[in-house]
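Beneath this line is the structure, given in structure tokens, with notes to follow.
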Amino acid sequence: NAGVMQNPRHLVRRRGQEARLRCSPMKGHSHVYWYRQLPEEGLKFMVYLQKENIIDESGMPKERFSAEFPKEGPSILRIQQVVRGDSAAYFCASSPRRDPSYEQYFGPGTRLTVT
Amino acid sequence: GNSVTQMEGPVTLSEEAFLTINCTYTATGYPSLFWYVQYPGEGLQLLLKATKADDKGSNKGFEATYRKETTSFHLEKGSVQVSDSAVYFCALSSYGGSQGNLIFGKGTKLSVKP
Chain L
16 NAGVMQNPRH LVRRRGQEAR LRCSPMKGHS HVYWYRQLPE EGLKFMVYLQ
66 KENIIDESGM PKERFSAEFP KEGPSILRIQ QVVRGDSAAY FCASSPRRDP
116 SYEQYFGPGT RLTVT
Chain G
21 GNSVTQMEGP VTLSEEAFLT INCTYTATGY PSLFWYVQYP GEGLQLLLKA
71 TKADDKGSNK GFEATYRKET TSFHLEKGSV QVSDSAVYFC ALSSYGGSQG
121 NLIFGKGTKL SVKP
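Chains as they are written, first to last, in my numbering: chain L, 16 to 130; chain G, 21 to 134.
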């Protein structure tokens, strides 16, 4: 059973460009979470999605950031007009249920560098 | 709101030393508590968890006990190895409006020297 997959692993963008980060959850998991890890900091929740629905986006900046999890295909985190402060590692995690007692399985992350 | 505080690193130990990484939390209700480990360049892996008071999670020689009276979930290992060098994150997840979302501490970097 393949784990959570993310691509690309590394992404370099110039200021003003768009970044698209992809996440394929574990087979059978329909709950996806995105987290951001800024340098020397812990992970911060951004958004929680189920298939075709954004359930909780309370941790996502209101401007320039969006997320989706279509019926078919991976979940996408999209950052428009990137700025240097967006440089971070972005992790997605999946879970079989939205239950606090359940483990979340993390992908290897996408490390975004904005130049 | 809910929060997690863990001891600042880095922590440097010699092989076979005893390890404690302190973690305390603030939460309403009865959260689940987790320790995740992150090796260089990788994602997070669950190390252990506890879902109710007085539960002890254990894995690979690591242990942590869910102490509701002190709101703590300290990570311990009796004899660390070089291969334990990593960043350790304490986290909680609770019921309610942000159900299931993990709240992390800032992480503690552990270096074990041979």
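Using N, Cα and C, we set each Cβ at its ideal position, and we do this for glycine too. Values in this document were obtained by computation on a predicted structure and should not be read as measured data.
Check, Outcome
"For residue 72 of chain G, which residues from the same chain have a beta carbon less than 7 angstroms from its beta carbon, with the 5 sequence-adjacent residues on both sides left out?", "50, 86"
"Name the two residues that bound the continuous beta strand (DSSP E) containing residue 70 of chain G.", "64-70"
"Along the region 84-109 of chain L, where does the CB come closer than 8 angstroms to a CB of chain G? Name the residues.", "106, 108"
"Starting from residue 85 of chain G and walking both ways along the beta strand (DSSP E), at which residues does that stretch end?", "82-85"
"Against residue 51 of chain L, what residues of chain G qualify as contacts under a CB-to-CB distance less than 7 angstroms, listed in chain order?", "Chain G residues near residue 51 of chain L: none, gap ~11 angstroms exceeds 7 angstroms."
"Name the residue from G/98, G/121, G/108, G/113 whose alpha carbon lies nearest to the alpha carbon of residue 34 of chain G.", "G/98"
"Name the residue from G/111, G/100, G/130, G/126 whose alpha carbon lies nearest to the alpha carbon of residue 116 of chain L.", "G/111"
"Check whether the Cβ atoms of residue 49 of chain L and residue 105 of chain L lie closer than 9 angstroms to each other.", "yes"
"Give me the Cα-Cα distance between residue 69 of chain L and residue 63 of chain L, rounded to the nearest whole angstrom.", "6 angstroms"
"Using a Cβ-Cβ cut-off of 7 angstroms (strictly less than) and excluding sequence neighbours within five positions of residue 106 of chain G, which residues of its own chain qualify?", "57, 58, 59, 130"
"Which same chain residues end up closer than 7 angstroms to residue 37 of chain G when comparing Cβ atoms and leaving out the 5 residues on each side of it in sequence?", "100"
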